[in-house]
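Notes follow once the structure below has been shown.
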Amino acid sequence: MERKHKRASKTDSLLNLFVNTIWEKDGMLQQEVEAPQKETDPIEPETMLQYKFTYSDDEESVPEKSDYEKEIDQLWDEMDFALRSSEDSTSAPSTAAVEEEIEQPVGTDPYTSCTLGKHQPILHEEIGLICMFCSFVLLERRYILPDFATPSAKGRQDKRMSVGNEEFPMSDSFPLYATSGDQGSNLRTSGPVRDKLDKFPWKLYPHQIEGIEFLWKNLAGGIDVDTKNTNPSHEVGGCIISHAPGTGKTLLTIAFLRTFMETFPDCKPVLMAPSSMLLTWEQEFKKWNVGIKFHNLSSLKFSGDEDCAARKLVGNRRSTSWRHIVKAFSWCKGNSILAVSYQIFEKLATEEPGEDKEEIPGYTAEMRKIILEKPGLVILDEGHTPRNKNSKIYKCLKKLKTERRIILSGTPFQNNFDELFTTMWLVRPKFADTISSATEKRGEELRGDWVSLTSSIGKSSQDQLLEKIQKMIEPFVHVHEGSILEKKLPGLREYVVVLHPPPLQKKLLAKVREGMKNSFELDRAIAVVSVHPHLLTKCKCSVAKQSKTGKSCVTTLIDDNKQIKEDAYRLNFHEGVKTRFLMQLIKLSEAMNEKVLVFSQFLDPHSLVCDHLFSTLGWRMGEEIIQIDGSLDVNKRQVLINRFNDPNSKVKVLLASTKACGEGISLTGASRLVLLDVVWNPSVQKQAISRAYRLGQKKVVYTYNLITSGTLEEDKYCVQSRKHHLSQLVFSTEHGKTENPDNPSSKFSDDKILQEMMGNEELKGMFDKIIPKESTLLETLGGAPSIQS
Numbered sequence: 001m002e003r004k005h006k007r008a009s010k011t012d013s014l015l016n017l018f019v020n021t022i023w024e025k026d027g028m029l030q031q032e033v034e035a036p037q038k039e040t041d042p043i044e045p046e047t048m049l050q051y052k053f054t055y056s057d058d059e060e061s062v063p064e065k066s067d068y069e070k071e072i073d074q075l076w077d078e079m080d081f082a083l084r085s086s087e088d089s090t091s092a093p094s095t096a097a098v099e100e101e102i103e104q105p106v107g108t109d110p111y112t113s114c115t116l117g118k119h120q121p122i123l124h125e126e127i128g129l130i131c132m133f134c135s136f137v138l139l140e141r142r143y144i145l146p147d148f149a150t151p152s153a154k155g156r157q158d159k160r161m162s163v164g165n166e167e168f169p170m171s172d173s174f175p176l177y178a179t180s181g182d183q184g185s186n187l188r189t190s191g192p193v194r195d196k197l198d199k200f201p202w203k204l205y206p207h208q209i210e211g212i213e214f215l216w217k218n219l220a221g222g223i224d225v226d227t228k229n230t231n232p233s234h235e236v237g238g239c240i241i242s243h244a245p246g247t248g249k250t251l252l253t254i255a256f257l258r259t260f261m262e263t264f265p266d267c268k269p270v271l272m273a274p275s276s277m278l279l280t281w282e283q284e285f286k287k288w289n290v291g292i293k294f295h296n297l298s299s300l301k302f303s304g305d306e307d308c309a310a311r312k313l314v315g316n317r318r319s320t321s322w323r324h325i326v327k328a329f330s331w332c333k334g335n336s337i338l339a340v341s342y343q344i345f346e347k348l349a350t351e352e353p354g355e356d357k358e359e360i361p362g363y364t365a366e367m368r369k370i371i372l373e374k375p376g377l378v379i380l381d382e383g384h385t386p387r388n389k390n391s392k393i394y395k396c397l398k399k400l401k402t403e404r405r406i407i408l409s410g411t412p413f414q415n416n417f418d419e420l421f422t423t424m425w426l427v428r429p430k431f432a433d434t435i436s437s438a439t440e441k442r443g444e445e446l447r448g449d450w451v452s453l454t455s456s457i458g459k460s461s462q463d464q465l466l467e468k469i470q471k472m473i474e475p476f477v478h479v480h481e482g483s484i485l486e487k488k489l490p491g492l493r494e495y496v497v498v499l500h501p502p503p504l505q506k507k508l509l510a511k512v513r514e515g516m517k518n519s520f521e522l523d524r525a526i527a528v529v530s531v532h533p534h535l536l537t538k539c540k541c542s543v544a545k546q547s548k549t550g551k552s553c554v555t556t557l558i559d560d561n562k563q564i565k566e567d568a569y570r571l572n573f574h575e576g577v578k579t580r581f582l583m584q585l586i587k588l589s590e591a592m593n594e595k596v597l598v599f600s601q602f603l604d605p606h607s608l609v610c611d612h613l614f615s616t617l618g619w620r621m622g623e624e625i626i627q628i629d630g631s632l633d634v635n636k637r638q639v640l641i642n643r644f645n646d647p648n649s650k651v652k653v654l655l656a657s658t659k660a661c662g663e664g665i666s667l668t669g670a671s672r673l674v675l676l677d678v679v680w681n682p683s684v685q686k687q688a689i690s691r692a693y694r695l696g697q698k699k700v701v702y703t704y705n706l707i708t709s710g711t712l713e714e715d716k717y718c719v720q721s722r723k724h725h726l727s728q729l730v731f732s733t734e735h736g737k738t739e740n741p742d743n744p745s746s747k748f749s750d751d752k753i754l755q756e757m758m759g760n761e762e763l764k765g766m767f768d769k770i771i772p773k774e775s776t777l778l779e780t781l782g783g784a785p786s787i788q789s
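Residue numbering for the sequence shown follows UniProt numbering, starting at 1 and increasing by one per position.
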């Protein structure tokens, strides 16, 4: 019992050591470390001696400056001396001279103002606050770094520094680089940020540079400020980078962080993303070699970038909790980014009733405080993820103290305007104040006004309404619709392929629609049976209360059509119209040395397709076929992605889960993409296509959205199309734009595989319609259910 108590005491002491150092409570650190040491000696004396100076144990004596600190001070002094030596004697007149001439008229020449001491200050990244005309140093850079903490209104004090007869702010209230005419998203094409980017070893596209400047404007106040003409209505806050999937948001963000962290090294950024994407982010940071350490809380392994002292103190403790503490500690030391999945963040930020029974007492509470209060900048990749206002993750994100938030999303509009409000309110809460003139309403109370404002969009004349909404979101939403892809990539051909089902498949689909009442069960059953009738055996159905037999409609259908359970029927891909199309496409694609990417929401269709490929072509899982779904370890997932993208590998087909592979990853090895089922959310289809159609693609990408005619899939696709249209109305710069009929993307004459299949006497009967553009489908299929589906 005594030994157990000693271990607990040792654990408490070590946790306090980390926590106190993170929060810089140096005075408490000595007490927390030494008190338990007298009884249990939790930390060896040699170890404490090694880190005593690092943690500033002696409060009363002022520690002597290190050689490094002395050298830094000397460099500052030398720079100051060199700058002052190079100045003209008339650049900085005496106070008396200024008082003598203060009543005299000032000419239009800005240099005349300088001679009178009326300097025009701008922030130089390497020097500090200087005059934009004569380069007189008004304030050194080391005194104007902003405080990234978000102080309470009660305790906030604006720090200011007097220079001559003027005062300049020393905190984040000082706006950086805004021009006198800076309105909306009109940014200067020159300035310190642009100059800094020009020195980077990689090439950035114009839309990425504009996005980086937009981030600076929103997160720092601007990029080139004239203090006398600063727009007083502009406030620092969060923003959205809404660039089309595949256009380089990751590199844009890394380049921004490089410039931002060089200027503000204490900003302590946190990156949140779906767990499947964090490894990709880590690889990108290493690939571009930006000198920023990457600490992944969702990984069970140390990366090697962690603080050596912290790892040594932890010793052989290998629990997830201690790894989290070491990574959080290393991140707090600076020049690094903390990465965490939405799932882990939600777990850390949520108060659980059983915390007193945790492995390290106090760990969860301390980590919660660190993760919510310490970040000065938060990046939410696929930031539309927490769009449900009732979700736990949304409620946890609302607790973040920093207002500097970035949402990265190629598809911020997901299903409806209520979800869009949630996304925008999360990144920029103050945007809601612009919705209504009613001053007594704030924040979430304005959601109803937003719904009223947006309810008529897409139904009637809306030009003025759209213009109002766009003006509301324009200051903090940067849109790029993907024109860079059209310029840089060989091309994209999108087809909606409507197929006639064979007689038995058509019959089963009709019976399923009649017999199933639960909408979720019906949705799944229609999706899988549209692929192949055998998949009906994988469906479940709740038993109707009034059923005389006590059997579900699925059980009844299987009993009445027992052949669908037989192995010979299961392996006959001709019995399912979508498997028939897919198998023929894969055969012809292999002949043309093209790889095929197959997306589905469900796993059962993938298993059946795998069996068809083996029985027909002899292809095996792990060789010619690979499959990626949510059950696969993240590290193994990346290995498979690399294999698929390798043009010299044997892999010919990737069976991908829409949920596991639908966002953030690159699958440019594929030039043929098949969507086996239809979803309500248009962004799911857009994100899936963008796995292959993205920067780095070398071939024309052909996509086939398969729909079984005469089923709910047609109505479902119409709803999806209408939602996409609403998104285009809000986020597109050209409203009501229709596709050019002469555009190559609206034709399929250059698709040799599709032409071959349509010309085949045995296959052409399965085609009902091939529609190369969305608008034609709506005209062809007519009306659709309400978009509230």
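Don't be surprised by glycine CBs; every beta carbon is placed ideally from N, CA and C.
Span of the beta strand (DSSP E), counted from its first residue to its last, around residue i
i: residue 239; result: 239–243
i: residue 494; result: 492–499
i: residue 656; result: 653–657
i: residue 702; result: 701–708
i: residue 627; result: 625–628
i: residue 531; result: Residue 531 -> no beta strand (DSSP E), and no H or E assigned at all.
i: residue 405; result: 405–408
i: residue 381; result: 377–381
i: residue 293; result: 293–296
CB-CB length for residue i against residue j, believed under 8 Å
i: residue 674; j: residue 729; result: The pair is not a contact, with the Cβ atoms about 29 Å apart (cut-off 8 Å).
i: residue 706; j: residue 497; result: 5 Å
i: residue 682; j: residue 724; result: 4 Å
i: residue 644; j: residue 595; result: 7 Å
i: residue 477; j: residue 732; result: Going by Cβ atoms, the distance from residue 477 to residue 732 rounds to 12 Å, so no, they are not a contact pair.
i: residue 664; j: residue 269; result: With 8 Å as the limit, residue 664 and residue 269 do not qualify as a contact, their Cβ atoms being about 18 Å apart.
i: residue 297; j: residue 251; result: Not a contact, Cβ separation roughly 23 Å.
i: residue 694; j: residue 246; result: 3 Å
i: residue 432; j: residue 446; result: 4 Å
i: residue 428; j: residue 710; result: With a Cβ gap of about 46 Å, residue 428 and residue 710 do not count as contacting.
i: residue 381; j: residue 516; result: No, residue 381 and residue 516 are not in contact; Cβ-Cβ is about 37 Å, not under 8 Å.
i: residue 417; j: residue 451; result: 7 Å
Residues bridged to residue i (per DSSP)
i: residue 273; result: 341
i: residue 483; result: Answer by DSSP bridge pairing: none, since residue 483 is not bridged.
i: residue 600; result: 657
i: residue 677; result: In the DSSP output, where bridge partners are listed per residue, residue 677 has none listed.
i: residue 672; result: 596 and 702
i: residue 336; result: 293
Element boundaries [alpha helix (DSSP H), containing residue i]
i: residue 505; result: 503–515
i: residue 635; result: 634–645
i: residue 446; result: From DSSP, residue 446 is part of no alpha helix (DSSP H); its letter is neither H nor E.
i: residue 417; result: 417–427
Beta carbon of residue i nearer than 8 Å to that of residue j
i: residue 408; j: residue 448; result: no
i: residue 654; j: residue 598; result: yes
i: residue 254; j: residue 288; result: yes
i: residue 651; j: residue 689; result: no
i: residue 588; j: residue 558; result: no
i: residue 329; j: residue 18; result: yes
i: residue 411; j: residue 208; result: no
i: residue 531; j: residue 605; result: yes
i: residue 259; j: residue 203; result: no
i: residue 573; j: residue 534; result: no
i: residue 504; j: residue 561; result: yes
i: residue 299; j: residue 360; result: no
Indicate whether the contact test is met: 3 or more Cβ pairs, each with one atom in the stretch 646–663 and one in the stretch 618–631, closer than 8 Å. yes
Assess, as a yes-or-no matter, whether the stretch 565–585 is touched by the stretch 510–525 under the definition of 3 or more beta carbon pairs within less than 8 Å. no
Kindly confirm or deny that the stretch 692–700 and the stretch 663–670 touch, where touching means at least three C-beta pairs closer than 8 Å. yes
Any contact of the stretch 388–405 with the stretch 331–351, i.e. 3+ C-beta pairs under 8 Å? yes
If we count Cβ pairs, one from each stretch, closer than 8 Å, do we get three or more for the stretch 300–319 versus the stretch 254–272? no
Please confirm if the stretch 499–512 is in contact with the stretch 716–723, defined as three or more CB-CB distances below 8 Å between the two stretches. no
Would you call the stretch 339–346 and the stretch 232–252 touching, i.e. three or more CB-CB distances under 8 Å? no
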